[in-house]
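Here's the structure we're looking at; comments come further down.
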Amino acid sequence: MAQTTTGLVQFSGHQHLRLRLVLSLLSGKAVRIDKIRSEDKNPGLRDFEISLLRLLEKVTNGTVIEISVTGTAVLLKPGIISGGPLTHDCPLSRSIGYFLEPIIMLAPFAKKPLQLTLRGITTDDHDLSVDIFRTVTLPHLQLFGISDGLELRIKKRGAPPAGGGEVQFLCPIVKQVKTLNFVEPGKIKRIRGIAHAVRVNPQFSNRMIEASRSVLNRYIPDIYLYSDVYKGEESGKSPGYALSLLAESTTSALHCSEAISQPGVAPEDVALQATRALLAEIDKGGCVDRQHQTLVLLMMVLGSEDVGRCRMGEPTPRTIQFLRDVRSFFGTSFKIVAADPLEKECSHLLYSCYGTGYINSNRTLA
Amino acid sequence: MDERPHKPHRPSQSGAKAEKKDKGKGKEKQHGFNEKAFAPKSGRRADRQGRRNVERDQTRLHVPLVNRTPDSEPPPVIIAIVGPPGVGKTTLLKSLVRRYTKQTLNEVKGPVTVVSGKKRRLTFIECNNDLNSMIDIGKIADLVLLMIDGSFGFEMETFEFLNVLQSHGFPKVIGILTHLDLIKKAATLKDTKKALKKRFWTEIYQGAKLFYLSGVLNGRYPDTEIMNLSRFVSVMKFRPLVFRNAHPYLLADRIEDLTPREQVRQSKGKCDRNVTVYGYVRGTNLRLGTKVHIPGVGDLDMKSVTILGDPCPLPDADSEKRRKLSEKKKLLIHAPMSDIGGVMYDKDAVWINVPGSFTRGNADVPQGEGEQMVMDLQDAGATLEDGVAQSHIRLFGSSSKHLTVEAPADNDESDGYEDESGDEEEDESGIDSDDGSEGEDEDNVPDPHSTGRSSRRDVRRTLPTASTSKIQRADVEYAESDSDLGDEDEDEEMGKRFRMEDGDRLDIPSDDDMMDEGEDEDEAAPKWKANLAAKAQAASSSSRRRKDWMKLIYSSELTPEEVLAGKEERSADVEGEDGDDDDDFFRLQPATNKNEDEEVDSSKEMWKEEDLKKWEDDEVLDSIRGLFITGPAVQDGGEAEGYEDAEEAGGDFEDLEAGDDAPAPSASEPMKAESSRAAALAAKKEELKRKFDEQYDDPESSKVDFYTEKKDEISRQLQLNIEEFRDVSAESRALVEGFRPGTYVRIEFVDVPCEMIEHFDPAYPIIVGGLLPAEERFGYVQVRIKRHRWYVKTLKTNDPLIFSLGWRRFQSVPIYSLDDHSIRMRMLKYTPEHMHCYATFYGPVSLPNTGFCAFNSLSADTPGFRVSATGVVLDIDRSVKIVKKIKLTGVPYKIFKNTAFVRDMFSTALEVAKFEGANIRTVSGIRGQVKKGLSKPDGAFRATFEDKVLKSDIIFLRAWYSIQPRKFYNPVTSLLLSDKSQWAGMRLTGQVRREEGIKTPLNVNSTYKRIERPERRFNPLIIPKKLQAALPYASKPRIMKPQRQQTYMQKRAVVMEPEERKAVALLQQIRALRKDQVVRRREKKSEKKMEHLKKVEKDEEKKNEKVKERKKEVMRATGRKSKREAEAEEGRGSKRRKT
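As you go down the protein sequences, you meet chains A and B in turn. Each residue of the first sequence is one higher than the one before, starting from 1 at the first, in UniProt numbering. Each residue of the second sequence is one higher than the one before, starting from 1 at the first, in UniProt numbering.
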């Protein structure tokens, strides 16, 4: 799928667009993606993808984005990642998480610390909610030494379909990310959660907490589920509620799950769904959960020229494609072996790679 | 006699003897450390001493830096020999090589690698006097032997070289003074040494090592002096330099052109070439897929990199065992460009060149048995194939046909050509091991003739790269294996070098061998053969049980979903096409599932309904209790141990221990399991012991300071780096982590400019510098720059400058600027005198904090110091914001109270609209503002001021005009020239005009003209009489007429009294006397002045004589130098200074 001529990497298909753009911007290789929904009734790039390209253009300096007339092909010649204070309005077709995910991968390597304000839907079905970003994704970056001044402020919440939420993402810059060596999953020592409700009865969040505790209480006593109710201006334009849970292990491995309100579903059922998803995630084990595999693997590739190791579960389809894409952009391949060759039923894998020694060349000296 | 005892000896209590004894005692006492002697006398002093000690300890510490060069098999240390021509560089190189290898080189070209000790190899390289070479050498040398002509002193090139070194990370420098024998007088010699040492120390550091080499004996420096120098070199420690620790690089010790001859012939030598370079990887790991830069040539893509056998291996235990006393045997030298090692390694061939006496004509030199044997073999008229064909050997008595030679049979060892000694004979025992590289079972027969070189080869035997081997000696070849014979015939016909291209070999090894490397390895290492079957079975069983993720992800065409669904390979042949670019013409497009509409790019991994359903069951819920800290501990398996540890250590893990828990899956299961369990147990015990020791023995010892902590961290990570890929085959290891420093590689480049080969000169070093991904790009680079204080001219904005930045040397056009109160970056026309400023230019990106130096010209005939500026990279960007000041002027044409109408500043109303509200000012300092454009004269506007302006005032508006650096980048392609020192870049306009004989165009408006200023006449103010009369008194003009009448005093005559007259006369006399005295005094003074002048004149004459003398001396010295240069140009090697 990926063909590399000098300095240009080619892909086809609309899948995995975000990660490919991110890899292009980080590696400095131009990327050309064609056959974007060329067989579809509604061919070409969707509005949210265009919006993402706009956002990437804002974050960078000197990036050239060329979209074909039909919108089925994109050429991106990366510039440098500049950062700084920015604002972006996300379309209502996707939530903020869709835009935040690539930005999180780019922001540590910018010229100036990024202060990005995003407006739109904060929680939806497809993408990670801003709560998960704040409580789970950002701690994952801390594993790589990106910590001081890393913050996600949820100013307003916005449930689908009308949105109206607003978050501010602050990210420091680093010279080089640390090499990861994370092979002990540890045991779960605490569970935290956030139940939020906007423009509905505030009692809903308490009901969700109650239902979730009924399952989780049997495991450990250290469970805190916060009820987070936004009111008035801060609560966005549509009603909705959701529960996000996270479990932390003794070695600070994080697992998370989330469920959001559906029409005609009781809050208790939403809570149970989230809780069971969390248990399933814990059962899967590993040091990194499935949602954050790509982020962790990317940062491992960008580490110093040392061996980084991480123990995770089986790769998701996204991860598999990501690993292939990483090879075509950075030339780095991972060594993937079973973590415990002695244990028959253990499905954990040990991912190890030799970092590329990526140094943030955008950073300004003095 | 009486039994009285003898009087005992009584030592003298005083006198010389007693003192002598005391002295002796005192000396004895000094051996031990006398605590009392150094005990502080007071508490305050003790405190101060303690502080001082602690401070001194801190100065010893350096910032912990990771050293990426492996300790086990480091690449050879590069020792560059630098100095002006005629200083004795080649002599030193020859002497050093002689010291290490007992061989005398006739001609030195390119790098020479020798083994200097158990753990160290040295690569010597001589640097010529070209500035380009000096820059390149300065970027790669680990140690510089800086040669200085003691009889002449420092030369400009030496200082230039030191400044180049300084800006690219300072390697170690040892100074060497030569030609000291030319100074005859001992006192002068002492003074010269002292003076030169002082100067050298100020350049390097106080106490830098400076060697003195006296005369030349037999074309070499004295052996003792060279031995001292070599001892210094062998114990020298090197600190990693930041730039080299982040980039892979390679000093090519050989270069070959692989272009098909026919193609070259057809294009008349003008086609782009296929070139291979050979050398040891240094710095960091070299990876395929990245670009490299060859300074002097340009950026190139690596087509392939292959590991070759080490041509100059370090001795190991095995080779030491086989080493013979005969000294010739232990000495290794690798200098392919000089053709002296006699052995060259190619991917598929080994070349032996026999120099000097080892040719047939040389009968007068006594030859050993071995040599004689080889000579006899050279006499063979027919090849082995012919011989066998003609022989009538029958395998069985009954067989009717003779034995014939056919396609590849098994390789037979032929160490036969190995020979013993001889004057010029080279050590070539290394080749004998290459023949076994097919991987056929080769059981290391201890060969009595083999030496250190052969041992290294064993490790590489499995590599397909060194697959076949050919030995060529003069024009007769020796087939190592029968399979080679076919090729050999052709070789013979061509009568020249022939290389086999194996295009079919894939550069990226398929992961097949990565996973099945077990089998390959087994064949190579016979000691593992014991449990081969068991291993194979284990491997196959494990692959049956588990998915091979690496293979599925990296070398299959399955979609990610199919991989997860557990689908295996669709077909084997698909796999090979993974990296292919243009073969997809006829490939069937895999049918994409269109019906599955709109697959969302979602990062949330959803659970299926049934996955969640099972969690309703209590039993299932209980089953994961073990994963929580409150749950029961799992007892079996290594993982459980890990958990227990986790609880005890509170999340603080030993990384290495975990590494033991996860061995490779290819291992044989039961044995591995047991051993790993034992290892885990041992590790756990160790951990517990450490903890116990910490708690009970010495609680302080566990507290390490920051420095030690960092160093430990670095060493732990390095250990992990080694451990992680230890059990992976060399091929796949190279794929995952690149080619490690210390490996000898062959890099193939395509599309190399033909001039590089056509004008190749081994005296100019070829460096292959790896580029980081960021460095392949172009952009605006902002640097902090300072003009070198020895460079005489100032630097001007938009004048081209040659930068040496990173690996590159290039010309670009900088714009100088300064930060103007942190508001704007303001352009400077010239660099400041003694200050840093910024410069921005377009060029290839380099990481911030990279040092650079700049030159205006690289040519040797530039007078004066050539390093024009030095600095450091600050910022990389795609756009720049530099402004220069522009002043728009206008004049008021109508003035009201504080308002004026101004014209001539703008030409249209639109322009005025753009500047509405801008601040303006008059020359006299009255400030104002642009208000609004006027309709009538185009471009006029209304402005208000703080005061009334004059009509004669000029009004100006200060604005900022942003400028962009020109996008000009011109790499210094010095290696592509036939005369490598004559590179010419972009010239200045003035230079072009001068060289082309064009006159500077003269704009009439720009010429200076005499300014004609008419004299202003002011008419007298005349007030009419009538008006004067009407004026009040105070306002009346006071005009006085000159007095005409005599005054009262003038009208009267004065008659003096006699007394008075006397007094007046006396006064007059006194005055006269005084006048006379003054005159006489003046005369005397002038006389004295004349005398003094004469004296001064005399002195001047003397001084002039001295100056003349000195000038003569200087001229003599320059004459000597120019003569020497002329000599050097005539012929380097042949001309030697008579001593």
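Where a beta carbon is used, it is the ideal one built from N, C-alpha and C, also for glycine.
Legend entry - Neighbourhood of B/A667 by C-beta, 6 Å cutoff - its chain only, sequence neighbours within 5 removed: To locate residue 667 of chain B, count along the second sequence from 1; it is residue 667. The pLDDT assigned to B/A667 is 43, lower than 50, so where the model puts this residue is not dependable; a value taken from the coordinates is nonetheless given after this. Contacts found: none.
Legend entry - Alpha carbon of A/R37 to alpha carbon of A/H16, nearest angstrom: Counting from one through the first sequence, the residue named residue 37 of chain A turns up at place 37. Counting from one through the first sequence, the residue named residue 16 of chain A turns up at place 16. About 13 Å.
Legend entry - Residue-level contact to chain A via CB, B/A683, 8 Å cutoff: The residue labelled residue 683 of chain B in the question sits at position 683 within the second sequence. Not one chain A Cβ lies under 8 Å of B/A683.
Inset, instruction - Taking only beta-carbon positions, decide if B/T630 is within less than 8 Å of chain A. - result: In the second sequence, the residue the question calls residue 630 of chain B occupies position 630. Answer yes: the Cβ-Cβ gap between B/T630 and chain A drops below 8 Å somewhere.
Inset, instruction - Evaluate the contact criterion for the region 869–882 of chain B versus the region 953–961 of chain B: three or more CB pairs, one atom per stretch, below 8 Å. - result: Contact between the region 869–882 of chain B and the region 953–961 of chain B is absent, because fewer than three Cβ pairs lie under 8 Å.
Inset, instruction - Measure the C-alpha to C-alpha separation of A/I194 and B/Y249 and round it to an integer number of angstroms. - result: Against the first sequence, residue 194 of chain A aligns to sequence position 194. Against the second sequence, residue 249 of chain B aligns to sequence position 249. Straight-line Cα distance between these residues: approximately 53 Å.
Inset, instruction - Taking B/I78 as the reference, give the member of B/D253, B/A913, B/T797, B/Q811 with the closest Cα. - result: Counting from one through the second sequence, the residue named residue 78 of chain B turns up at place 78. Of the candidates B/D253, B/A913, B/T797, B/Q811, the one whose C-alpha sits nearest the C-alpha of B/I78 is B/D253.
Inset, instruction - List the residues of chain B whose Cβ lies closer than 9 Å to the Cβ of A/I67, in chain order. - result: Translated into positions along the first sequence, residue 67 of chain A becomes position 67. Simply none; closest approach about 17 Å.
Legend entry - Extent of the continuous alpha helix (DSSP H) to which A/D47 belongs: Position 47 of the first sequence, counted from the first residue, corresponds to residue 47 of chain A. A/D47 -> alpha helix (DSSP H) spans 47–59.
Inset, instruction - Taking C-beta pairs closer than 7 Å, name the residues in chain A that B/D877 reaches, listed in chain order. - result: By one-based count along the second sequence, residue 877 of chain B stands at place 877. In chain order: N61, I80.
Inset, instruction - Say whether chain B places a C-beta atom closer than 8 Å to the C-beta of A/N362. - result: The residue labelled residue 362 of chain A in the question sits at position 362 within the first sequence. Yes - at least one Cβ of chain B is within 8 Å of the one on A/N362.
Inset, instruction - Please check if any C-beta of chain A sits within less than 8 Å of the C-beta of B/N128. - result: Residue mapping note: residue 128 of chain B aligns to position 128 of the second sequence, counting from 1. Residue-level contact check: B/N128 does not touch chain A, since none of the beta carbons of chain A fall below 8 Å from its beta carbon.
Legend entry - Within-8 Å CB hit, A/R134 to chain B: Residue mapping note: residue 134 of chain A aligns to position 134 of the first sequence, counting from 1. Using a Cβ-Cβ cut-off of 8 Å, A/R134 does not count as an interface residue toward chain B, since no Cβ of chain B sits closer than that to its own.
Inset, instruction - Just the chain A side, please: which residues come within less than 8 Å of B/Y838 by C-beta, in chain order? - result: Taking the first residue of the second sequence as 1, we reach residue 838 of chain B at position 838. Correct list: empty, because the minimum Cβ distance to chain A is about 10 Å.
Inset, instruction - Give the DSSP-derived three-state secondary structure of B/L771 in the structure shown. - result: Numbered from its first residue, the second sequence carries residue 771 of chain B at position 771. The DSSP-derived three-state label of B/L771 is coil.
Inset, instruction - Can you grab the Cα-Cα spacing for the pair B/P11 / B/A18, in whole Å? - result: Here residue 11 of chain B refers to the residue found at position 11 when the second sequence is read from its first residue. Here residue 18 of chain B refers to the residue found at position 18 when the second sequence is read from its first residue. Whole-angstrom Cα-Cα distance: 8 Å.
Inset, instruction - Would you mind stating whether B/V242 and B/L143 have Cβ atoms separated by less than 8 Å? - result: Here residue 242 of chain B refers to the residue found at position 242 of the second sequence. Here residue 143 of chain B refers to the residue found at position 143 of the second sequence. Contact: no.
Inset, instruction - Could you name the residues of the same chain whose beta carbon sits closer than 8 Å to that of B/S1122, not counting the 5 residues immediately before and after it, in chain order? - result: For the purposes of this step, residue 1122 of chain B is taken as residue 1122 along the second sequence, with counting starting at 1. So no residue of the chain qualifies.
Inset, instruction - Examine chain A for any beta-carbon lying closer than 8 Å to the beta-carbon of residue 1141 of chain B, and answer yes or no. - result: The requested residue 1141 of chain B is not part of the displayed model; chain B covers only 1 to 1139.
Legend entry - Beta carbon proximity, B/R740 to chain A, threshold 8 Å: In the second sequence, residue 740 of chain B corresponds to position 740, counting from 1. Any Cβ of chain A closer than 8 Å to the Cβ of B/R740 would place that residue at the interface, and such an atom is absent.
Legend entry - Residue closest to A/Q280, alpha-carbon to alpha-carbon, out of A/L297, A/K344, A/E258, A/T117: Within the first sequence, numbered from 1, the residue matching residue 280 of chain A stands at position 280. Looking at the sequence shown, residue 280 of chain A is not Gln but Ala. Comparing Cα-Cα distances from A/A280 to each of A/L297, A/K344, A/E258, A/T117, the minimum goes to A/E258.
Legend entry - Between the CA atoms of B/A1072 and B/R1080 - distance to the nearest angstrom: Numbered from its first residue, the second sequence carries residue 1080 of chain B at position 1080. Numbered from its first residue, the second sequence carries residue 1072 of chain B at position 1072. If you take the alpha carbons of B/R1080 and B/A1072, they lie about 13 Å apart.
Inset, instruction - For the beta strand (DSSP E) holding A/F11, just list the boundary residues, first then last. - result: As a first step, residue 11 of chain A is located in the first sequence; it is residue number 11 there, counting from the start. According to the DSSP assignment, A/F11 belongs to the beta strand (DSSP E) that extends over 8–12.
Legend entry - Beta-carbon contacts of B/F901 that lie in its chain and below 7 Å, excluding the five residues immediately before and after: In the second sequence, residue 901 of chain B corresponds to position 901, counting from 1. Answer for B/F901: P892, Y893, K894, L934, A940, R942, listed in chain order.
Inset, instruction - Using DSSP bridges, identify the partner residues of residue 1147 of chain B. - result: This structure cannot speak to residue 1147 of chain B, because chain B is shown only from 1 to 1139.
Inset, instruction - Please decide whether A/S352 counts as near chain B, where near means a Cβ-Cβ distance under 8 Å. - result: Within the first sequence, residue 352 of chain A is the residue found at index 352, counting from 1. It does; some Cβ of chain B falls within 8 Å.
Inset, instruction - Return the chain-ordered ranges of every beta strand (DSSP E) run that is complete within the region 228–311 of chain A and spans a minimum of 3 residues. - result: Within the region 228–311 of chain A, the complete beta strand (DSSP E) runs of at least 3 residues are 240–249, 254–260.
Inset, instruction - Take B/Q991 as the anchor and find which of B/D799, B/S729, B/P171 has the nearest alpha-carbon. - result: In the second sequence, residue 991 of chain B corresponds to position 991, counting from 1. Considering only B/D799, B/S729, B/P171, the residue with the shortest C-alpha distance to B/Q991 is B/D799.
Inset, instruction - Determine which residues of the region 821–848 of chain B have a Cβ less than 9 Å from any Cβ of chain A, and write them out in chain order. - result: Correct list: V845, S846, L847, P848.
Legend entry - Selected residue, minimal CA-CA separation from A/G303, among A/L254, A/K175, A/G313, A/G232: The residue given as residue 303 of chain A occupies position 303 in the first sequence. The option with the nearest alpha carbon to A/G303 is A/K175.
Legend entry - Cα-Cα separation between B/V1107 and B/S978, rounded to whole angstroms: Position 1107 of the second sequence holds residue 1107 of chain B. Position 978 of the second sequence holds residue 978 of chain B. Going by the C-alpha atoms only, they are around 44 Å apart.
Inset, instruction - Tell me whether B/I823 is buried or exposed, calling it buried when 16 or more other Cβ atoms sit within 10 Å of its Cβ. - result: By 1-based counting over the second sequence, the position of residue 823 of chain B is 823. Residue environment for B/I823: exposed (fewer than 16 other C-beta atoms within 10 angstroms of its C-beta).
Inset, instruction - Quick one: list the residues of chain B neighbouring A/V307, beta-carbon separation under 7 Å, in chain order. - result: Locating residue 307 of chain A in the first sequence gives position 307, counting from the first residue. What A/V307 touches in chain B: L720, N721, E724.
Legend entry - 6 Å CB neighbourhood of B/A839 in its chain, flanking five on each side removed: Taking the first residue of the second sequence as 1, we reach residue 839 of chain B at position 839. Close CB contacts of B/A839 within its chain, under the 6 Å cut and outside five residues either way in sequence, are with V783, I785, P814, Y816 (chain order).
Legend entry - Rounded straight-line distance, which links the Cα of B/V923 to that of B/V912: Within the second sequence, numbered from 1, the residue matching residue 912 of chain B stands at position 912. Within the second sequence, numbered from 1, the residue matching residue 923 of chain B stands at position 923. If I take the Cα positions, the gap works out to 21 Å.
Inset, instruction - Starting from B/Q964, find everything on chain D with Cβ-Cβ shorter than 9 Å and list it in chain order. - result: Any reference to chain D falls outside this structure, whose protein chains are A and B.
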